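Below: the structure, in C-alpha cells.
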Amino acid sequence: MPDSIVDDKVYATARQPIRHDSAIKHVTGGAVYIDDMREPVGTLHLAPGWCRTYAKARLDALDLTEVRAVPGVVAVLTKDDVPGINDVSSSFGDDPMLADGEVLFWGQVVFCVVATTREAARKAARLARFEVVPGTPLVTVADALAADSHIMPEYRFGRGDVAKSLKDTQRRLSGQIAVGGQEHFYLEGQVAMAVPGEDGDMTVYSSTQHPTEVQHTVAKVLGVTEASVTVETRRMGGGFGGKESQANQWAALAALAARVTGRPCKMRLDRDDDMIMTGKRHDQVASFDVAYDGEGRILAVDLDFASRCGYSADLSLGVNDRTMFHADNAYFYPNVSIRSQRLKTNTCSNTAFRGFGGPHGVIAAERIIDSIAISIGLDPLEVRKRNFYGPGRDVTPYGQKVEDNILAELVGELEASSNYWKRRTAVRSFNAKSRILKKGLALTPVKFGISFTLIHLNQAGALVHVYTDGSVHLNHGGTEMGQGLFLKVAQVVAEEFGLPIDQVKITATNTAKVPNTAPTAASSGSDLNGMAAQAACREIKARLVDFVSMEYGTPADKIDFRDSQVIIGNGAVPFREIVKKAFIARIQLSAAGYYRTPKIHWNRDKAEGRPFLYFAYGAACAEVTVDTMTGEMKVDRVDILHDCGKSLNPAIDIGQIEGGFVQGMGWLTTEELVFDGQGRLRTHAPSTYKIPTASDVPEEFVTKLFDSPGNREETIFRSKAVGEPPLMLPACVFSAVLDAVASLKPGVIPPLDAPATPEAIMKAVHATRRGGV
Amino acid sequence: MRDTIRIFRNGRIVEIEDFGPTETLLDYLRLREGAVGTKEGCNEGDCGACTVAVGSAVGGRMVYRPVNACIQFVGMLDGKEVVTVEDLAENGVLHPVQAAMVDHHGSQCGFCTPGIVMSLFTLYHAGRPAEHGTINDWLAGNLCRCTGYRPITDAAKASCGGVPADRFAREADATTGVLEFLSDRQDIFVGDSERFFAAPRTVDALADLYMQHPDATLVAGATDVGLWVNKQMRDLPKVIHLGRVLGMSHIEDIGDAVLIGATASFEDALPHLAAIDPDIGEMMRRIGSRQVRSAGTVGGNVANGSPIGDTPPVLIALGSTVELRKGDESRALPLERFFIDYGRQDREPGEFVAGLMVPKLGPGQQFRAYKISKRFDQDISAVLGAFRFTLENGVITDARIAFGGMAATPKRAVLAESRLIGAEPVKAASWAPALEGLSQDFRPLTDMRASAHYRLETARALLAKALVEIAGAPTATTRVIGRRETPAGEGEAAHA
C-alpha cells in the first residue's frame, strides 16, 4: 500500500458505528412506507389483470364486462388508454406496460382495474374473459438453446490460445453446473402512489431504487415532459435490485390511472402477483473445460454461460456482462475464453439482483477450483491459494490489472482465525467414522469489481442547504432501502461541517431536488453520493472560509469546522453564529455537489479498458453436515473476514456483510424457483419459496472487518463499497456441501447444482456413489 | 345472543358491530384504526410482518401469543387484548425489546421489524430463558431479508428471558379482570342469516347452528381458511368460529391416551403430544411458526383433509381415532378412514370434528417421525414419515407406518407394514423387502416441493433411518437436527 493513503485524521462522525437513522421509527412502527402514507381523499386502488392460463399466447379478444360490473370499479385500463408510449423498459423498448396483442410470460399484465377499494379491484381483476390462441412456451435454458432463442447477441472475451492449451495439457477436466435464480423477496412489495397536479403534472411516490427512471418512464407513458413528473422515495422496505427497473411498471400504471380518473391512485401488488410478475436473479448453466498443472494451477479455461433472461432484455446486458467480469473470481487464468449467451424465454424478465450476475461467475470459478482439487487430491484451499492473482499474474480476462489485491493476507488471517487446518483434520476423522452423516469444510474468497460497467452511470449529485440556525438539509440521488446509505452520507456531511449527526436532516430522494441520477445499485451508493455530498459541503465551506477569513483576518488554513464550531486561529465561534453572520453578509449557504468516478473506461466492443475503480475483497469459511440418506444439510459454523477499506460505519457494514451472506446462502441452499412445463411459476409465495429463517443461521457466526489501511483509491474517507460483495461469501457453504458429498468417493466430483436443496444433495450423493454420473 | 364483538385495545374496550365475516385483523388495524405500524408482507401468514400479540387471560394470568394479523378474522379476537407495535413505548421510552433492537442494529429496511418486535414482545412475556434455540424458534415465522438475523437474535438475548416489567406486566391484573369481564356466556352472531360471523359458546349451540347452516365455513385458527380469502379471493358469507366454544379446546390425559379437543391449538397440544414421544414434539415445533402454532389447531389440521398436513400421519401411526358430531349424535372412527380421497373426508353436511383420541405408546412400542422440507422451520413437508413399531425380543410384531406428501391423503404403508412383521431392526436384510414395499404402497407426485422420485427414495430412507435408530444408532449419528439425545439442543422439541 502506498504511504499516501495513511490517514491519521481523527473522525468524529464518519467511521463511527452509529445506528440507522430510522432505527427508532422502525421499532415503533413510525417509519412511513408508501402504503402507510395518509391517502388523499378519494384515492383509488389498482390491481393487475392477467391471463392465468398461458405463458405464451396470441391475445385475440378481451371481455371486461364482468370486471367493469363489480361495485366500486371506476376504470379499467388497457393499452389503448396509454397516451404516450406503452413501454416501461429501462432502455430496450421491449417491456409493454399493458400487453399488446400477445402474452409473453405467465403473469404479463393485460389490463388494470381501478376501484374505490383494493379488495374490489383485486376481485374484479379475476373476472376478465380472454380469447387466446396458446403457443408453446420456451421455459428453460435448454428449451431456449434448442430453439436458438436469444434476447441479444452473445458476448465473448478472453486471451491466449485456449484451444491449444486445452489440447496440449496432461490434465484437463470439464464440467457443468446449473445455478438457480432467486426471488428478491423484499418484505415490502412493489408499490406506488400517483397524485395528479395542475397542468398535467404528476407526483409519484414510488418504492424504487431508481427514481429518475421512474420519472422518465412515467413521462414516456403519459406523453409529457420529464419536467412535469416528480418522483419521491423516502425509503423502501428492501430492494436488493428488485426495484431498480422493476418498479417502473407499477408507478407508471398508477400515474396513468391518476391521469385517466383525475384522482390519486395507488398500486400495491399482492405478494403472489409481485413474485409472478417481476423479474428475478437469472438462472444460468455454466459449462467449463479447464487445463491445469500437477500443482493444481490453472493453465487455461474455456467457460460458457447460458443465461435465462426471460421475455425481454431488461438489464440482462449488464447482468450477464458482470457474470463474465467475475468468472475469474479471485483467480488468474493465463489463457481464457469466456462466452455468455443471453436466452429469450417465456418467463418473467430477469433483472438486477445484488451481485448483478457476478455471483454466477464466482460459483463457476469455485466449482472449477473444487473440481481440480478433488481430481488431484489436494485440499481445495491449497488450490485456491495457488491460483490467486499475484505478481506477474495480475491481469484479469478483460484486461484490467489487479492493483489492490489483499487476498493472500486476508485469507491467511481467516485461515488462522477459523482454525481451518485443525478443523480439516477433525472433519476428515469425523467422516471416516460416520456412515450416514458427512461433514464438509470450505474457505472461499471474493473479489468484486466496484463501478457500474455502464460507465455513464458513475455520476451523482447532492444538494446541501445550511439554514441560519445551523441545521443542515441533505438531499442526494441515492435511495434508502435499509442499507444505511442515508445515514452514511449524513455522516459525511456531519463530518465535513463538524456537526453532530442529528443536525443533518435526512430527506427523501426527490427528482425535483437532484435530477438525472443513477440507480442506487452496483454497491455504489455511498461511493457516489458520499462524494457528491462532500463536494457540496466543501463548496459551502469554502465560501464560509473566505467569509471568516475576511471577517476575522485569519488565514484560511487556520480555519476548521469541528465540535459544532468554526475554529478560527486560536479562537472558535459556534457554527450557527457564523452561518447567521454569513447570511447577513449575503453568502450563499446552499450548494449542489457533483461527482463522477475517475479513471474508469470500458470499450465493450474491443473488450478492453478499466471497468472498475477498485476491487472489494472478502473471504468466508463454512462447515456443514449433510445427511446422505435424505439430503438434508445443516450449516454448523461460519467465519467471515471482509474488506470495507476504512469503513464509513462499521455497524452498518457488518449488517451488510451478515445480511448479504445469509441472502446468498439462501440462494445457494433453500431458495428454489420452480416453473412447470407450461412456464407457470409454482413458487410464488413464501409458503413455497423459502428464504432463510433464523434457525438457518449457525449459532457460531463470526463476522469481522479486515483491518485495512484504507482503499488505495480516493473514495469517500477511503471506504469501500459493501452492498454486493458479501452476497458471494456463502460460496463457501456451497463448496462445503460439495466437500461433504465428495468425501463419499475420493476423486469423484459430485454433480451438485444450486440451490443445494435436500433433493439436489441427494441427487449428488447418489451420482457420486455411482462414480459421478 | 350478542351481535357485536369486543376487543381490548390499548387500555380501552372497543366494540365492533359492522364488520364482514372474513374481515382480517390486519385490515381492521390498518384501514379502520389507521394503525399502520403493522405491515402486510405476504398476506398468507408466512412472513410475520403483520405479527401482533394477542393477550388472553389463562388461569387468572395474562398470556401473550404472537399471531399473523393477515389471517386472523377480526371477529375471532372477541374477548382478547390486541397489542401492536405502536402500543409498546411508554411516554416516548422504548420497550426493552425495542431498545435492544435499536442497540443491536436489528433493523435495516425496517419493514419486518414491527413483526419481529411483536414476536420478541411475546418472548419477553413468556417467562423462559432466552436461549439460542428458543429464540430461533420464536422467530421462525418472522422473515427478515436484510440482517441475516444475528443482530435480532442478539437483541432477543439481551432483552428477553428475565422477569417482565413493562406496562403490560404491571397492568396484568387489571387486564385479566377486563378480559374475564369480556368473557361472557353469550353466543355471538353478527349479521343476518345470509351473511354472518358467528361464535357459539357451547358445543350444543355450535351443533344446532351448523345444522341450520351446513353451508357455513367452520373456522378454528384460520391459518388455512385465511388463505382462501386472501389468495383465492373466495367469498365466505357464513363463518362459524369455533374458538369460543367452551370445552372444545380441552386436553385431557386419560392414562393410556390423550384426548385433544378439536380447537386445541398446536401450541397447547404440543407438550402433551411431545410427552408421548420427543419426535412428535419436534414435528409439532416444525409444523409452523409460533404464530401459526398459536392460532392453528390439531383439529383443523385433520378436518381440512390436506394431503400435506403434518399431524395426520403422526396421529395415524399412533392409532388415533377422530370423534365427529352432528346435531345430537356423535361417532368415532379410526383417523385413516376419515381421509377418503383428495379433498374428500368422511364428514357429512352439518357434521364437525369434535376431538381426537391419541393413544400413548404401549410396552415394547417405539416411535419415530421425520419431516423433510426445503427449509427446516415453517415449511410444508415434501415428505413426512411416522412409524410405530411394536417389538418383542428385538423382533417386530406390529408396525404402523403413515406418510404425508406421498399420496392424495395421509396414508398408511400397508405392504411395508406387513413385510416388517418378523423383521429385526438389527438385521438390515430382514427389513429390506419392506423398503421395497413402499414403492408399491405409494405413487407420489412431482410438484414444487419435490419430485416423485425423491419422495419415494426419501420414504425408503426414512423407514431405514427409523429402523437403524431403533436398532441402537444414536440420533447424533443419524440426524442433522431434531436429535433425541439432546431434546433441548435443537430448539426445544420436548419442552416447548
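Protein sequence lines correspond, in order, to chains D and F. Numbering-wise (the working numbering), the first sequence opens with residue 8 and increments by one. Numbering-wise (the working numbering), the second sequence opens with residue 6 and increments by one. Beta carbons: idealized from backbone N, C-alpha and C, even for Gly. It should be emphasised that the depicted structure is a prediction, and the values quoted were computed from it without experimental measurement.
- At a cut-off of 9 Å, the C-beta of F:A387 has a neighbouring C-beta in chain D.
- At a Cβ-Cβ threshold of 9 Å, D:M200 and D:M274 count as neighbours.
- With the criterion set as a beta carbon lying under 9 Å from some beta carbon of chain D, the members of the region 138-156 of chain F are G138, I140, N141, D142, W143, L144, A145, G146, N147, L148, C149, R150, C151, T152, G153, Y154, R155 and P156, in sequence order.
- Contact annotation: the region 683-690 of chain D does not touch the region 477-497 of chain D, with fewer than three C-beta pairs closer than 8 Å.
- At a cut-off of 9 Å between beta carbons, F:M453 contacts chain D.
- Within the region 662-692 of chain D, G662, E665, G666, F668, V669, Q670, T677, E679, V681, R689, T690 and A692 place their CB atoms closer than 7 Å to a CB of chain F, listed in sequence order.
- DSSP links F:L223 through a beta bridge to F:I245.
- With a 10 Å radius around the Cβ and a threshold of 16 neighbouring Cβ atoms, D:F332 comes out buried.
- Here DSSP, grouped into helix, strand and coil, assigns F:A466 to helix.
- The DSSP-derived three-state label of F:E38 is helix.
- With a threshold of 9 Å between beta carbons, F:Q113 makes contact with chain D.
- Fully enclosed beta strand (DSSP E) runs of no fewer than 3 residues occupy 370-377 of the region 359-396 of chain F, in order along the chain.
- Under the Cβ criterion of 9 Å, F:G42 is counted among the residues facing chain D.
- Taking CB atoms only, F:K365 has no neighbour in chain D less than 9 Å away.
- Per the DSSP secondary-structure output, D:G625 pairs in a beta bridge with D:V453 and D:H649.
- According to the DSSP secondary-structure assignment, D:G578 is paired through a beta bridge with D:I575.
- The region 495-578 of chain D contains, as complete beta strand (DSSP E) runs of 3+ residues, the segments 511-513, 566-569 and 572-575 (chain order).
- Check the Cα spacing between D:C651 and each of D:D67, D:S156, D:L712 and D:K227: the tightest is with D:L712.
- Residue environment analysis places D:I375 among the buried positions, since at least 16 neighbouring C-beta atoms fall within 10 angstroms of its C-beta.
- With a contact defined as Cβ atoms closer than 8 Å, D:H52 and D:T124 qualify at about 6 Å.
- The DSSP-derived three-state label of D:M640 is strand.
- Interface annotation, F:D23: not in contact with chain D, CB-CB separation never under 9 Å.
- Remark: three or more beta-carbon pairs, one from each stretch, lie closer than 8 Å, so the region 57-69 of chain D and the region 124-140 of chain D are flagged as touching.
- Assignment of beta-bridge partners to F:N309 by DSSP yields no partner.
- For D:K130, a Cβ of chain F is located within less than 9 Å of the residue's own Cβ.
- Under the three-state reduction of DSSP, D:L461 is assigned to coil, being neither helix nor strand.
- Under the rule that a run must span 4 or more residues, the alpha helix (DSSP H) segments found entirely inside the region 238-282 of chain D read 255-268.
- In this structure, DSSP gives D:Y162 an extended state, which the three-state scheme calls strand.
- The beta-carbon of F:C165 is placed no less than 9 Å from the nearest beta-carbon of chain D.
- Counting along the chain, D:I375 sits inside no beta strand (DSSP E); it lies in the alpha helix (DSSP H) bounded by residues G365 to I383.
- Interface flag for D:Q490 against chain F is set, since a Cβ pair is found closer than 9 Å.
- Per DSSP, the unbroken alpha helix (DSSP H) holding F:W233 starts and ends at V230 to N235.
- Each residue's CA atom was taken as its position, placing D:V772 and D:D634 some 10 Å apart.
- Within the region 338-359 of chain D, contact with chain F at the beta-carbon level (separation under 9 Å) is assigned to no residue.
- Against chain F, the CB of D:Y212 has no partner CB under 9 Å away; the residue lies outside that interface.
- Taking all protein chains in view, the Cβ of D:G447 is crowded by 16 or more other Cβ atoms within 10 Å, so the residue is classified as buried.
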